[in-house]
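So the structure is just underneath, and the comments pick up after that.
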Amino acid sequence: MSPRSMLYEILGYLLGYSIAFSPPRYSKCNSKDFRHGGTVCVCSDQFCDSFTSGEPLSAQEYAVYTTSKAGDRFNLTTGTFSKTLGVKSTETVIKLAVNKSVTFQSILGFGGAFTDAASINIHNISDSLKEKLLDSYFSDMGIEYTIGRIPMASCDFSTRPYSYNDHEGDLAMANFSLAQEDLKLKIPLILYARMKSKRNIFMFGSPWSAPAWMKTNDKMTGFGQLKGKTGDKYHKAWAMYFAKFLEAYKEKGVDVQAVTVQNEPSDGFIPFFKFQCMGYTAKMERDFIKEDLGPTLAARGHGDVKIIMLDDQRIFLSSWAETILSDPVAAKFVSGIGVHWYMDKFEPATVLTDTHNKFPDHFILSTEACNDPLTSKPPIVSLGDWSRGNKYSHSIIEDLSNWSTGWVDWNLALNMEGGPNWVKNFVDSPIIVDAENGLFYKQPMFYHLGHFSKFVPAGSKRIQVTANEQSSLQFIGFTTPSPYASTVVVVLNTSDQEIALEIHDEDLGVIRETVPVSSIQTYIW
1 MSPRSMLYEI LGYLLGYSIA FSPPRYSKCN SKDFRHGGTV CVCSDQFCDS
51 FTSGEPLSAQ EYAVYTTSKA GDRFNLTTGT FSKTLGVKST ETVIKLAVNK
101 SVTFQSILGF GGAFTDAASI NIHNISDSLK EKLLDSYFSD MGIEYTIGRI
151 PMASCDFSTR PYSYNDHEGD LAMANFSLAQ EDLKLKIPLI LYARMKSKRN
201 IFMFGSPWSA PAWMKTNDKM TGFGQLKGKT GDKYHKAWAM YFAKFLEAYK
251 EKGVDVQAVT VQNEPSDGFI PFFKFQCMGY TAKMERDFIK EDLGPTLAAR
301 GHGDVKIIML DDQRIFLSSW AETILSDPVA AKFVSGIGVH WYMDKFEPAT
351 VLTDTHNKFP DHFILSTEAC NDPLTSKPPI VSLGDWSRGN KYSHSIIEDL
401 SNWSTGWVDW NLALNMEGGP NWVKNFVDSP IIVDAENGLF YKQPMFYHLG
451 HFSKFVPAGS KRIQVTANEQ SSLQFIGFTT PSPYASTVVV VLNTSDQEIA
501 LEIHDEDLGV IRETVPVSSI QTYIW
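See below:
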């Protein structure tokens, strides 16, 4: 930290006011073009691009970070607000008016999942490179994720199907135990991430399936639901499984703050579904929450653990929220609603706003997204593909503009094939590990996510930002909490034309900038 920055921090602490924001600088990346429509940044034992400390802004200054298809990565420039109105010009200027007095939801954060596959890939590289990868996500040298998702036992991004209790008939869960994948792979990485982060990391668990012996088809895959009916021995045992998971992780030093009831409960009604799943209807999930899961967690001392319903596509959101949250007993146990992005094209994002308006006391969180064969053109792993970063930023802006409190990516890191995955359900990831060559690649998706996660910490509030006319420019604004109380506006230009931009702050004046072609920018003041 520079002497000037240190002085600002000391004065802020002593006098009790907000500290001037010091925009960190980003090192130039080692760029590589795989001919997929953009570039990656290559990280090795010797070098990895990262943030370093910067100088505080004055009250009249702003900072702007630019990442572009042309190769910019968090390129920092600063400027000064103008007090004069814009001059007349034949050029079209998009004018954004920022109104900090109109606020919306508080932000929970941004993050990704500690899957078995991600953990295997991260452990497959040297210790120094492993640290660089985790620092890239969680430390102040990186994009500072504040959410982590943990699959409860196996999922498709495991190397085998397994549960935490394969002892048939053990309804007391006496033989519950974490797997080696938890103990040797996931938990050490979570502990490292928490150690390096200067922010709190919100961890939530999601189950893919109950043990096979507890299901109607006696399999972890395919068309199957939990045996019996709510309130019976199987449902009580399954609720106990959740409590045991929370307790086992806490014993290893990991506090899990929330659980989703079931990953994609619709999958359990698909015949021959090839990887772990378990089916619920909205009524089945409602009754399990109010009769089994909620009371069991409360009785075991986990009443503060948030229960997140749905965790599936937003085409189900309206009916599921109505069924579950209209029940006062179930609603008492539910804190939030999880939504996935894979079928977004079939349901407008306004369904999130409609759901918020009906049930404003329950947060909405975008809990899973990735570029996969259903949402993207081949190849599965498309190194440097700028369009996939655009899709991430578009989804984040759209979801958060409709009351989502955050956005969670899928696997933190995958291999060059997009796995491992025991059913070969390969997908893409913001970081791809090339273990054979001792490298990892930061994709455009990584930087698009970072334009939000780095500069919009948990506790930020979305604010009103309006444009003077319709355009291709996508945008969203926030205020951030103390000590660096700032205003943040993110703009996304997916077009092949640069856009003249003005951002109007009624207290400070006007920012005049140009948004480059195929770029994302974050403005901070």
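In this text, residue positions in the sequence shown follow full-length UniProt numbering: the first is 1, and each later residue adds one.
Beta carbons are placed, not taken as given, at the ideal position from N, Cα and C, and that holds for glycine.
None of the values given here were measured: they were computed from a predicted structure.
The segment 405-425 makes contact with the segment 263-277, as at least three CB pairs between them are under 8 Å.
V510 and A282 have their C-alpha atoms some 49 Å from each other. Secondary structure within the segment 19-107: the beta strand (DSSP E) runs of 3 or more consecutive residues, fully enclosed, are 40-43, 61-68, 75-80 and 93-106 (chain order). Per DSSP, P430 is not a residue of any alpha helix (DSSP H), being assigned neither H nor E. Looking at the DSSP output, Q276 sits in a beta bridge with T221.
For G38, the CB contacts under 7 Å within the same chain, skipping 5 residues up- and downstream, are K69, G384, D385, W386 and P444 in chain order. Taking G419 as the centre and dropping the five residues before and after it, the same chain places the C-beta of A117 and F426 closer than 7 Å to its C-beta, in chain order. The residues V256, in chain order, have a CB closer than 7 Å to that of Y249 in the same chain once the five nearest residues on each side in sequence are set aside.
The three-state reading of DSSP puts P161 in coil, since its state is none of H, G, I, E or B.
In the three-state reduction of the DSSP assignment, Y137 falls in the helix class, which pools H, G and I. Rounded to the nearest whole angstrom, the C-alpha separation of F104 and F446 is 26 Å.
Secondary structure of K306 (DSSP, three-state): strand. At the C-beta level, V381 and A413 stay beyond 9 Å of one another. Contact between T479 and K100 holds, since their C-beta atoms are separated by about 6 Å, short of 8 Å. Residue burial is scored here from C-beta neighbours: F316 has at least 16 other C-beta atoms within 10 angstroms and is therefore classed as buried. Under the three-state reduction of DSSP, Y484 is assigned to coil, being neither helix nor strand.
Counting only the Cα atoms, L171 lies some 7 Å from K233.
For P207, the uninterrupted beta strand (DSSP E) segment begins and ends at F202 to P207. Measuring C-alpha to C-alpha distances from F223 to each of E264, D45 and L246 identifies E264 as the nearest. Contact annotation, L473 with I503: C-beta distance approximately 11 Å; criterion of less than 8 Å not satisfied.
DSSP places L171 in the coil class of the three-state scheme, outside both helix and strand. For L365, the enclosing beta strand (DSSP E) starts and ends at F363 to E368. About 7 Å separates the beta carbons of L508 and Q60, which is inside the 8 Å limit, making them a contact pair.
Within the DSSP secondary-structure output, F475 pairs in a beta bridge with V491. The segment 236-252 and the segment 134-145 do not touch, with fewer than three beta-carbon pairs separated by less than 8 Å. Taking a contact as a CB-CB distance under 8 Å, the pair V490 and T522 counts as one, their CB atoms being some 5 Å apart. Within 10 angstroms of the beta-carbon of I524 lie 16 or more other beta-carbons, which makes it buried. With contacts defined by Cβ atoms closer than 9 Å, F288 and M152 do not form a contacting pair. Distance from the Cα of F475 is smallest, within the candidate group N371, H394 and N411, for H394. The segment 32-51 makes contact with the segment 70-83: 3 or more CB pairs, one atom from each, lie closer than 8 Å. Of the residues S158, P56, T405 and C370, the one whose Cα lies closest to the Cα of N390 is C370.
Beyond the five residues adjoining it in sequence on each side, S319 comes within less than 7 Å, by CB distance, of A282 in the same chain, given in chain order. Excluding sequence positions up to five before and after P457, its CB lies within less than 8 Å of the CB of I107, G109, E144, T146, R199, T480 and P481, all in the same chain and listed in chain order.
Residue state for V329 is assigned as helix, using DSSP reduced to three classes. Straight-line spacing of the CA atoms in N468 and V98 works out to 11 Å.
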